[in-house]
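Convert by adding 17 to the 1-based position in the sequence shown; the result is the number in the numbering used here.
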Amino acid sequence: SNPVDEIILQGTYPLMPVNKNGEALPYSRVFKARATAYYAVYGVGRTYTASGRKAVRNVDGYSTIAVDKSIIPLGTKLFVEGYGFAIAADVGTAIVGNNIDVYFNTYKEACNWAVKYVNVYVLK
(Lines of atoms letter the chains of each structure in order from A; the text may use other names.)
(Lines give C-alpha, C1' and ligand atoms only; values in the text may rest on other atoms or scores of the structure.)
Protein backbone atom coordinates (compact mmCIF):
# COMPACT_ATOMS: atom_id res chain seq x y z
CA SER A 18 0.00 0.00 0.00
CA ASN A 19 1.04 3.63 -0.48
CA PRO A 20 2.20 5.71 2.49
CA VAL A 21 -0.33 8.16 3.88
CA ASP A 22 0.49 11.38 5.74
CA GLU A 23 -1.23 11.58 9.10
CA ILE A 24 -0.80 13.18 12.50
CA ILE A 25 0.27 10.50 14.96
CA LEU A 26 0.80 12.64 18.04
CA GLN A 27 0.52 16.35 18.67
CA GLY A 28 1.65 18.47 21.58
CA THR A 29 4.81 16.57 22.49
CA TYR A 30 7.04 19.59 23.00
CA PRO A 31 8.62 20.03 26.42
CA LEU A 32 7.03 22.29 28.99
CA MET A 33 9.85 24.82 29.01
CA PRO A 34 12.28 26.12 26.40
CA VAL A 35 15.27 23.86 25.88
CA ASN A 36 17.80 23.66 23.07
CA LYS A 37 18.57 20.50 21.08
CA ASN A 38 21.03 19.45 23.81
CA GLY A 39 18.32 19.65 26.47
CA GLU A 40 19.78 22.76 28.11
CA ALA A 41 17.32 25.34 29.44
CA LEU A 42 17.23 28.56 27.42
CA PRO A 43 17.16 31.98 29.11
CA TYR A 44 13.89 33.86 29.12
CA SER A 45 12.86 37.25 30.46
CA ARG A 46 9.34 36.38 31.57
CA VAL A 47 6.61 33.79 31.34
CA PHE A 48 2.87 34.38 31.16
CA LYS A 49 -0.28 32.29 30.81
CA ALA A 50 -2.04 32.73 27.46
CA ARG A 51 -5.23 31.57 25.80
CA ALA A 52 -3.93 30.02 22.58
CA THR A 53 -6.23 29.53 19.63
CA ALA A 54 -5.10 28.30 16.20
CA TYR A 55 -5.28 29.44 12.60
CA TYR A 56 -4.17 27.89 9.34
CA ALA A 57 -2.97 28.62 5.80
CA VAL A 58 -6.27 29.77 4.28
CA TYR A 59 -4.52 30.75 1.03
CA GLY A 60 -2.32 27.65 1.01
CA VAL A 61 1.05 26.79 2.50
CA GLY A 62 3.64 29.32 1.37
CA ARG A 63 0.97 31.79 0.22
CA THR A 64 -0.25 33.08 3.57
CA TYR A 65 1.37 36.33 4.71
CA THR A 66 1.40 37.95 8.13
CA ALA A 67 0.83 41.52 9.26
CA SER A 68 4.61 41.95 9.43
CA GLY A 69 4.97 40.92 5.77
CA ARG A 70 6.54 37.53 6.49
CA LYS A 71 5.22 34.26 5.11
CA ALA A 72 3.36 32.34 7.80
CA VAL A 73 5.26 29.13 8.57
CA ARG A 74 4.90 26.08 10.76
CA ASN A 75 8.45 24.88 11.35
CA VAL A 76 8.59 22.19 14.01
CA ASP A 77 12.41 22.26 13.85
CA GLY A 78 12.69 26.05 14.07
CA TYR A 79 10.51 29.09 14.67
CA SER A 80 6.83 29.01 13.71
CA THR A 81 4.51 31.98 13.23
CA ILE A 82 2.12 33.18 15.91
CA ALA A 83 -0.22 36.15 16.14
CA VAL A 84 -0.05 38.36 19.22
CA ASP A 85 -1.32 41.62 20.65
CA LYS A 86 1.61 43.80 19.60
CA SER A 87 0.98 46.18 22.51
CA ILE A 88 1.85 43.25 24.81
CA ILE A 89 4.45 41.40 22.68
CA PRO A 90 6.31 43.40 20.01
CA LEU A 91 6.40 41.88 16.53
CA GLY A 92 9.68 40.05 15.99
CA THR A 93 9.86 38.74 19.57
CA LYS A 94 11.05 35.15 19.90
CA LEU A 95 8.95 32.97 22.17
CA PHE A 96 8.48 29.43 23.36
CA VAL A 97 4.86 28.26 23.53
CA GLU A 98 4.19 25.26 25.74
CA GLY A 99 2.96 22.34 23.61
CA TYR A 100 3.66 24.18 20.33
CA GLY A 101 7.37 24.95 20.35
CA PHE A 102 9.49 27.90 19.32
CA ALA A 103 7.69 30.81 17.70
CA ILE A 104 8.18 34.32 16.45
CA ALA A 105 5.57 37.02 16.97
CA ALA A 106 4.91 37.95 13.34
CA ASP A 107 1.16 38.43 13.01
CA VAL A 108 -1.79 40.19 14.63
CA GLY A 109 -5.53 39.66 14.61
CA THR A 110 -8.61 41.59 15.67
CA ALA A 111 -9.49 38.97 18.29
CA ILE A 112 -5.92 38.70 19.57
CA VAL A 113 -6.05 41.06 22.54
CA GLY A 114 -4.13 40.96 25.81
CA ASN A 115 -2.78 37.54 26.74
CA ASN A 116 -4.39 35.82 23.76
CA ILE A 117 -2.23 34.31 21.04
CA ASP A 118 -3.04 32.53 17.78
CA VAL A 119 -0.65 29.72 16.77
CA TYR A 120 -0.23 28.94 13.07
CA PHE A 121 -0.67 25.56 11.39
CA ASN A 122 -0.46 24.54 7.75
CA THR A 123 -3.85 22.82 7.60
CA TYR A 124 -7.37 23.25 8.88
CA LYS A 125 -7.20 19.79 10.47
CA GLU A 126 -4.06 20.67 12.46
CA ALA A 127 -5.65 23.92 13.65
CA CYS A 128 -8.81 22.08 14.72
CA ASN A 129 -6.73 19.49 16.57
CA TRP A 130 -5.15 22.31 18.60
CA ALA A 131 -8.53 24.00 19.24
CA VAL A 132 -8.06 26.23 22.33
CA LYS A 133 -5.45 25.67 25.02
CA TYR A 134 -4.25 27.62 28.03
CA VAL A 135 -0.46 27.52 27.89
CA ASN A 136 2.64 29.10 29.35
CA VAL A 137 4.44 31.42 26.95
CA TYR A 138 8.13 32.16 27.54
CA VAL A 139 9.58 35.40 26.17
CA LEU A 140 13.09 34.38 25.11
CA LYS A 141 16.16 36.56 25.69
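Glycine included, C-beta positions come from ideal geometry on N, C-alpha and C. Fair warning: this is a prediction, and the values are worked out from it, not measured in the lab.
Tell me whether residue i sits in a helix, a strand or coil according to DSSP, three-state version.
i      : result
Lys49  : strand
Asn116 : strand
Tyr124 : helix
Asn129 : helix
Gly62  : coil
Thr93  : coil
Val76  : coil
Just curious, the beta strand (DSSP E) that residue i is in, first and last residue?
i      : result
Ala83  : 80–83
Gly101 : 101–107
Classify residue i as buried or exposed, calling it buried when 16 or more other Cβ atoms lie within 10 Å of its own Cβ.
i     : result
Pro34 : buried
Val84 : buried
Is the beta carbon of residue i within less than 7 Å of some heavy atom of the ligand MN?
i     : result
Arg63 : You won't find the ligand MN in this model; it holds no ligand whatsoever.
Which residues does DSSP list as the beta-bridge partners of residue i?
i      : result
Val35  : Ala41
Ala143 : Since the first residue shown for the chain is 18 and the last is 141, residue 143 is missing from the structure and cannot be characterised.
Lys71  : Tyr65
Val21  : Partner(s): none; Val21 has no beta bridge.
If contacts are defined as beta-carbon pairs under 8 Å, then residue i and residue j qualify, I think. What distance do you get, rounded to the angstrom?
i      : j      : result
Val139 : Tyr44  : 6 Å
Ala67  : Asp107 : 5 Å
Arg51  : Tyr120 : Actually they do not touch by this definition, with Cβ atoms about 16 Å apart.
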